[in-house]
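This is the structure we're talking about:
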């Protein structure tokens, strides 16, 4: 029986594919990868370093799926093919990162103190900018309201949990301000790094564990400050297990009619750029809602931009130079920016590393700062 992916080979996806823009080679675009995957599944080509490079150079950004007239779910085929290819040592680091994120983050940060290692491994240099605390087991926390409008839970994600906890604190404050009771269960990785590295069985087990945790609560849904986590627990879990978590957007909960701006509302110096991450643009589709909230809160002039930052998890490890090439384009694009706002913690890692002199804030952190300065819930 022939392996088949419903692709008409129209090539519309090529212009949106960041890896094709880098390599300018047909085998590095979605259409080329489909041909390679089909040949691999039909045993007409064998596993080679060349094949592996083309399969793992996909950033899993979803741009091809978002632009495909037939809505071909290419990333699912990439995941499946990666699970069948022999693992490299670096992929095992991602396995342990997903299973023990706090420990791995802390160890890597301690190693990053050595300049010689930071020069050799770029990601260590990126981590050195963050204050990672020794890992402690997380326990259930509930942030209550007297007469809550509803009950929601948080899924922080690893970057928020261990590198930028202020993002989670901001989101909790916002949800309480909106009169929602907030549950923060024991936090685990969503499993995206596992699946990206080819560990499908382990990703399924982690997904089942997270589903068990969040299904045990009587909640309206789950919010995450990370669009990758939101996409993974809301969409990919369904593909892996048949079940998913009901993921909410902040804009779903914001009653814009109740926003009353005070004269003391915090002001930010222009120009301000709103960076829309790949997963936010191609999967969670929350950019317009987030931007609308910012505009209601006084951001009348804000430049919305899209385009990959080059992080893409495993990609920035395996293809360090290419990751930096993509990032350099964003640095040039944001040259005049005084502040960059993003809804993605992983994009923020890139920007904080490359643009240290600029204000890099998460969407929730900006809202939090404004609410503290006098916005009323009318």
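Numbering (this note's numbering), first residue to last: 19 to 396.
For each residue, glycine too, the CB sits at the ideal point set by N, CA and C.
Predicted model, so just to flag it, every value in this text is computed and none were measured.
If we ignore side chains and look at the alpha-carbon of each, how far apart do residue 174 and residue 204 end up? 10 Å
Residue 207 beta carbon less than 8 Å from that of residue 224: yes
Identify every run of the alpha helix (DSSP H) within the segment 34–97, keeping only runs that are complete inside it and at least 4 residues long; order them along the chain. 36–41, 48–59, 67–74, 81–85
Length of the line joining the Cα atoms of residue 411 and residue 150: Past the edges of the chain, shown from 19 to 396, lies residue 411, and the structure says nothing about it.
If I follow the unbroken alpha helix (DSSP H) through residue 136, where does it start and stop? 133–138
Can you tell me whether residue 67 is buried or exposed, with buried defined as 16 or more other CB within 10 angstroms of its CB? exposed
Measuring alpha carbon to alpha carbon, tell me which of 87, 44, 85 ends up nearest residue 73. 44
How big is the Cα-Cα spacing for residue 241 and residue 147? 26 Å
Based on DSSP bridge pairs, tell me the residues matched to residue 351. Answer by DSSP bridge pairing: none, since residue 351 is not bridged.
Quick one, are the C-beta atoms of residue 402 and residue 288 less than 8 Å apart? Because the chain spans 19 through 396 in this model, residue 402 falls outside it and cannot be assessed.
Looking at C-beta atoms only, is the number of pairs between the segment 189–202 and the segment 248–267 that lie closer than 8 Å three or more? no
Quick one: is residue 109 buried, meaning 16 or more other Cβ sit within 10 Å of its Cβ, or exposed? buried
Consider the Cβ of residue 229: report whether some Cβ of chain D lies at a distance smaller than 8 Å. The chain inventory of the structure shown lacks chain D, comprising one protein chain alone.
Simplified DSSP assignment, three categories, for residue 199: strand
First through last residue of the alpha helix (DSSP H) which encompasses residue 181: Note, residue 181: premise wrong, no alpha helix (DSSP H); not H, not E.
In the segment 304–350, which residue ranges form an unbroken alpha helix (DSSP H) of at least 4 residues, counting only runs that do not cross its ends? 305–314, 332–336
How far does the beta strand (DSSP E) with residue 168 in it reach, from first residue to last? 168–172
Does DSSP put residue 377 in a helix, a strand or coil? strand
For the segment 314–327 against the segment 289–300, are there 3 or more C-beta pairs whose distance is under 8 Å? yes
So, are the CB atoms of residue 340 and residue 140 less than 8 Å apart? no
Excluding the five sequence neighbours on either side, which residues of its own chain have a C-beta within less than 6 Å of the C-beta of residue 390, listed in chain order? none
Buried or exposed, going by whether 16 or more other CB atoms sit within 10 Å of the CB of residue 164? exposed
Can you tell me whether residue 130 is helix, strand or coil according to DSSP? coil
For residue 265, which residues does DSSP report across the bridge? 240
Ordered along the chain, which non-local residues of its own chain (more than five positions away) have a Cβ less than 6 Å from that of residue 360? 293, 366
Reference residue 364; option with closest CA among 57, 121, 179: 179
Given that a residue counts as buried once 16 or more other Cβ atoms are within 10 Å of its Cβ, and exposed if not, what is residue 128? exposed
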